[in-house]
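Asks: I am attaching a structure below and will ask some questions about it afterwards.
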Amino acid sequence: MVNNMKEKYIEFVNKYRKQIYDAEKYIWEHPETGFNEWKTSAYLEKVFTDAGYSLIKANNIPGFYTDIDTGKKGPKIMIICELDALAMPNHFAAVNGCAHACGHHAQCAAMVGICLALKEKGALDNLTGSIRLACVPAEEEIQTEFREELRSQGIIHYLGGKDEFLYRGYFDGVDIAYMIHTGNNPHSMFDIHNGCNGNIAKDITFHGKPAHAGSFPQQGINALYAANLALNAINALRETFPDNDHVRVHPIITKGGSSVSVIPDEVKISTLVRGRTLDIIDKTNKKVNRAIASGALAMNATVEVIDHPGACPLNNSLKLKEIASEVFSSLVGKENVNVTTNFGSGSTDMGNLSCLMPVIHPYASGAIGKTHGDDFAIKDVENACVISAKAQILLLVKLLENEAKLAKEVIASYKPLFTSKEEYFITLDKFLSKKELISYNGDEINIKI
12 MVNNMKEKYI EFVNKYRKQI YDAEKYIWEH PETGFNEWKT SAYLEKVFTD
62 AGYSLIKANN IPGFYTDIDT GKKGPKIMII CELDALAMPN HFAAVNGCAH
112 ACGHHAQCAA MVGICLALKE KGALDNLTGS IRLACVPAEE EIQTEFREEL
162 RSQGIIHYLG GKDEFLYRGY FDGVDIAYMI HTGNNPHSMF DIHNGCNGNI
212 AKDITFHGKP AHAGSFPQQG INALYAANLA LNAINALRET FPDNDHVRVH
262 PIITKGGSSV SVIPDEVKIS TLVRGRTLDI IDKTNKKVNR AIASGALAMN
312 ATVEVIDHPG ACPLNNSLKL KEIASEVFSS LVGKENVNVT TNFGSGSTDM
362 GNLSCLMPVI HPYASGAIGK THGDDFAIKD VENACVISAK AQILLLVKLL
412 ENEAKLAKEV IASYKPLFTS KEEYFITLDK FLSKKELISY NGDEINIKI
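Per the numbering used here, residue 12 is the first one in the sequence shown, and the count goes up by one each step.
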């Protein structure tokens with residue numbers, strides 16, 4: 012990319028610095044959890060429509076996308092921003108119990124800069140192919156009961172925003188996808204890694220029998236004790252998880268009982284089971300189910316487990332990673348771009364798209380505090396939002412210039428895990444289940460793992 016062309020796109024973004032800062036502030040002050048991001052979506056919709064874009068809206072859920080055609084046939088590149096916040100009532104800036112403790116609002120602000128810059132005269136000159144800008148809900152895997160209710164109403168089919176958009180056809184025709192997430196590395200401006208874990212989300216309900224906890228505890232079946240035994244069994248499994256499998260299991264008790272004087276007859280646990288590959292996730296999930304069943308069996312309780320397919324493992328395109336590294340280095344200097352082969356233990360539903368197409372999921376620094384912590388905030392809006400927007404536009408230009416030569420190389424070099432979204436959803440649906448792990452028939456005990 013010649014220097015004067017790079018400077019042109021940098022100036023396009025600079026022109027809209029105020030709008031970027033305004034968006035970061037507004038969305039930070041109006042956090043909304045997944046599939047509730049109506050204010051956030053409306054704010055961005057207005058920015059897009061005021062700029063002259065025609066939008067394809069999700070309508071019964073937040074989010075939308077728009078297409079930009081260069082006029083020359085070629086690959087379609089999609090840039091994504093995520094709309095949702097976390098349920099974090101203890102965050103210092105929480106509003107209605109929610110906070111942007113993962114920095115998705117900074118992604119949205121960067122998207123404002125991207126969409127406005129691409130409307131500038133000459134922005135599409137010398138580019139081949141097309142561009143999709145997608146504002147997507149519900150990346151965070153939280154509030155599964157609420158999302159299950161949406162599914163029961165037929166509003167959604169999948170609990171994650173990218174899977175739902177994929178199912179609806181909103182990503183059809185896309186050849187390459189990328190986004191830049193907010194980061195908090197004080198030693199770099201950008202971080203680019205190899206990928207991260209996938210996961211299964213589990214909702215677990217132990218059923219016991221109530222009784223007076225003081226007078227007649229022997230007449231009850233303590234579901235809380237069953238849950239505690241299960242958690243201890245899960246913890247005992249940890250040394251069986253090979254380090255290279257990147258396994259993480261981190262349950263929480265969401266309901267521990269209803270009254271201190273009553274033996275708990277219903278106790279609920281939620282957890283994620285994370286791992287490096289779908290096969291590792293599946294094998295680990297079976298181990299976890301055995302641990303859950305053991306707790307119920309010891310107390311003569313029953314237990315119901317609902318599994319939801321979550322994020323698939325993210326495998327960044329190595330060719331796209333290489334190109335992004337060069338582009339980001341040309342923008343901020345090679346010494347400010349941290350390129351590693353790290354494979355993280357967290358998860359993102361960008362991994363789901365990486366099963367079907369080449370993707371990349373870098374990080375732009377600018378945050379302080381702990382990710383998903385009560386002290387998380389954006390300190391450097393310039394890097395997290397403005398420079399992030401510049402990096403994403405320059406990467407787009409690099410991919411689509413010269414008759415989209417590099418985009419075609421990225422596509423040709425990538426071997427997706429699945430050959431179609433239909434094959435992908437067949438596999439994903441295998442992880443969806445609802446079953447009683449323990450049932451009793453007199454002295455006969457049936458265990459279903």
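Using N, Cα and C, we set each Cβ at its ideal position, and we do this for glycine too.
Bear in mind that the values here come from a model prediction, so they are computed numbers and not experimental data.
Between the alpha carbons of I8 and Y32, how many angstroms are there, rounded?
Replies: Residue 8 falls outside the range modelled here, since the chain spans only 12 to 460, and no answer is possible.
Asks: Which whole-angstrom value is the C-beta distance of L342 and K401, which I expect to be below 8 Å?
Replies: Your numbering for residue 342 matches position 331 in the sequence shown. Your numbering for residue 401 matches position 390 in the sequence shown. Indeed they touch by this definition, with Cβ atoms about 6 Å apart.
Asks: Taking DSSP as the reference, what is the three-state secondary structure of K445?
Replies: One-based indexing of the sequence shown puts residue 445 at position 434. DSSP places K445 in strand when its eight states are reduced to three.
Asks: Between which residues of its own chain and K297 is the CB-CB distance below 7 Å, once the five residues before and five after are set aside?
Replies: Against the sequence shown, residue 297 aligns to sequence position 286. These residues qualify, in order along the chain: I460.
Asks: Compute the beta-carbon to beta-carbon distance between F75 and C126, rounded to the nearest angstrom, for a pair I have assumed lies under 8 Å.
Replies: Start at 1 with the first residue of the sequence shown, and residue 75 comes out as number 64. Start at 1 with the first residue of the sequence shown, and residue 126 comes out as number 115. Actually they do not touch by this definition, with Cβ atoms about 11 Å apart.
Asks: Hey, how far is the Cα of C323 from the Cα of F429?
Replies: By 1-based counting over the sequence shown, the position of residue 323 is 312. By 1-based counting over the sequence shown, the position of residue 429 is 418. Spanning the two alpha carbons is a distance of roughly 12 Å.
Asks: Look at the Cβ atom of T44, then the Cβ atom of I153, and state whether they are nearer than 8 Å.
Replies: Indexing the sequence shown from 1 puts residue 44 at position 33. Indexing the sequence shown from 1 puts residue 153 at position 142. It is a contact, given that the beta carbons lie within the stated cut-off.
Asks: Only counting runs of 3 or more residues, tell me where the beta strand (DSSP E) segments fall wholly within the stretch 381-424, in order along the chain.
Replies: Here no run is fully enclosed.
Asks: Tell me which same chain residues have a C-beta within less than 6 Å of the C-beta of Y64, skipping the five on either side of it?
Replies: To locate residue 64, count along the sequence shown from 1; it is residue 53. Result list for Y64: T77, in chain order.
Asks: Indicate the three-state DSSP secondary structure (helix, strand or coil) for D254 in the structure shown.
Replies: Position 243 of the sequence shown holds residue 254. It is helical.
Asks: Within 10 angstroms of the Cβ of F339, are there 16 or more other Cβ atoms? Answer buried if so, exposed if not.
Replies: By one-based count along the sequence shown, residue 339 stands at place 328. When all chains shown are included, F339 counts as buried.
Asks: Taking one C-beta from the stretch 389-406 and one from the stretch 118-125 each time, how about it: are there three or more such pairs within less than 8 Å?
Replies: Enough Cβ pairs lie closer than 8 Å, so yes.
Asks: According to DSSP, simplified to helix, strand and coil, what is T216?
Replies: For the purposes of this step, residue 216 is taken as residue 205 along the sequence shown, with counting starting at 1. Of the three classes helix, strand and coil, the one that applies to T216 here is strand, per DSSP.
Asks: Taking E476 as the reference, which of G165, M200, L177, A134 has the closest Cα?
Replies: Beyond the ends of the chain as shown, which are 12 and 460, falls residue 476; an answer cannot be given.
Asks: Buried or exposed for S358, please, with buried defined as at least 16 other CB atoms from any protein chain shown within 10 angstroms of its CB.
Replies: Position 347 of the sequence shown, counting from 1, holds the residue named residue 358. Flag for S358 reads buried.
Asks: Assuming N208 and H257 are in contact, meaning their beta carbons sit under 8 Å apart, how far apart are those beta carbons, in whole angstroms?
Replies: For the purposes of this step, residue 208 is taken as residue 197 along the sequence shown, with counting starting at 1. For the purposes of this step, residue 257 is taken as residue 246 along the sequence shown, with counting starting at 1. Yes, N208 and H257 are in contact; Cβ-Cβ is about 5 Å, under 8 Å.
Asks: Assign S328 to one of three DSSP states: helix, strand, or coil.
Replies: The residue you call residue 328 lines up with position 317 of the sequence shown. Here S328 sits in coil by DSSP.
Asks: Would you grab the beta carbon distance between K409 and I334 for me? Rounded to a whole angstrom, and I think it's under 8 Å.
Replies: If you number the sequence shown from 1, residue 409 lands on position 398. If you number the sequence shown from 1, residue 334 lands on position 323. Sure, about 6 Å apart at Cβ, within 8 Å.
Asks: Enumerate in chain order the residues of its own chain whose CB-to-CB distance from E93 is below 7 Å, with the five nearest sequence positions on each side excluded.
Replies: The residue you call residue 93 lines up with position 82 of the sequence shown. For E93, where only same-chain residues beyond five positions count, the Cβ hits under 7 Å are H115, Q118, V147, E150.
Asks: Give me the DSSP bridge partner(s) of E1.
Replies: The structure shown does not extend to residue 1, since the chain spans only 12 to 460, so no value can be given for it.
Asks: Could you check whether the stretch 385-392 touches the stretch 346-358, counting it as contact only if at least three pairs of C-beta atoms, one from each stretch, sit closer than 8 Å?
Replies: No contact exists between the stretch 385-392 and the stretch 346-358.
Asks: Buried or exposed for P262, going by 16 or more other Cβ atoms inside 10 Å?
Replies: The residue labelled residue 262 in the question sits at position 251 within the sequence shown. Result: buried.
Asks: Decide if I91 is buried, meaning its Cβ has at least 16 other Cβ atoms within 10 Å, or exposed.
Replies: Translated into the one-based positions of the sequence shown, residue 91 becomes position 80. Classification for I91: buried.
Asks: Excluding the 5 residues preceding and the 5 following N363 in the sequence, name in chain order all residues of the same chain whose CB lies nearer than 6 Å to its CB.
Replies: Along the sequence shown, read from residue 1 onward, the residue named residue 363 stands at position 352. Taken in chain order, the residues that qualify are K173, D174, C323.
Asks: What is the DSSP secondary structure of S270, reduced to helix, strand or coil?
Replies: Here residue 270 is taken as the residue at index 259 of the sequence shown, counted from 1. S270 falls in the coil class under three-state DSSP.
Asks: Comparing alpha-carbon positions, which option in S336, S281, Y425 lies nearest S365?
Replies: Here residue 365 corresponds to residue number 354 of the sequence shown, with the count starting at 1. Checked all of S336, S281, Y425; the closest Cα to S365 is Y425.
Asks: My output table needs one value for R158: the three-state DSSP class, helix, strand or coil.
Replies: Looking up residue 158 in the sequence shown gives position 147. It is helical.
Asks: Taking the alpha helix (DSSP H) that G124 falls in, what are its first and last residues?
Replies: Indexing the sequence shown from 1 puts residue 124 at position 113. 115-128 is the extent of the alpha helix (DSSP H) around G124.
Asks: Counting pairs of Cβ atoms below 8 Å between the stretch 436-445 and the stretch 231-244, do you hit three or more?
Replies: Segments in contact, no.
Asks: Starting from Y189, trace the beta strand (DSSP E) in both directions and tell me its first and last residue.
Replies: The residue you call residue 189 lines up with position 178 of the sequence shown. 187-189 is the span of the beta strand (DSSP E), which, as asked, contains Y189.
Asks: Which residue wins for smallest C-alpha separation from S281, given the options A105, V260, K68?
Replies: Counting from 1 along the sequence shown, the entry for residue 281 is found at position 270. Selected option, being the one with the closest Cα: V260.
Asks: Look at the alpha carbon of N210 and the alpha carbon of K57, and state the distance between them as a whole number of angstroms.
Replies: Translated into positions along the sequence shown, residue 210 becomes position 199. Translated into positions along the sequence shown, residue 57 becomes position 46. If I take the Cα positions, the gap works out to 35 Å.
Asks: Here's the rule: buried if 16 or more other CB atoms are within 10 angstroms of the residue's CB, otherwise exposed. What is E22?
Replies: Here residue 22 refers to the residue found at position 11 of the sequence shown. The residue in question, E22, is exposed, as its Cβ has fewer than 16 Cβ neighbours within 10 Å.
Asks: Quick check on the burial criterion: 16 or more other C-beta atoms within 10 angstroms. Buried or exposed for Q403?
Replies: Here residue 403 corresponds to residue number 392 of the sequence shown, with the count starting at 1. Flag for Q403 reads buried.
Asks: Pick from N347, L411, E433: whose alpha carbon is nearest that of I79?
Replies: As a first step, residue 79 must be located in the sequence shown, where it is residue number 68. For the residues N347, L411, E433, the minimum Cα distance to I79 belongs to L411.
Asks: Going by Cα to Cα distance, which pick from G267, A53, Y27, V24 is closest to I38?
Replies: As a working mapping, residue 38 is identified with position 27 in the sequence shown. Of the listed residues, the one whose Cα sits closest to I38 is A53.
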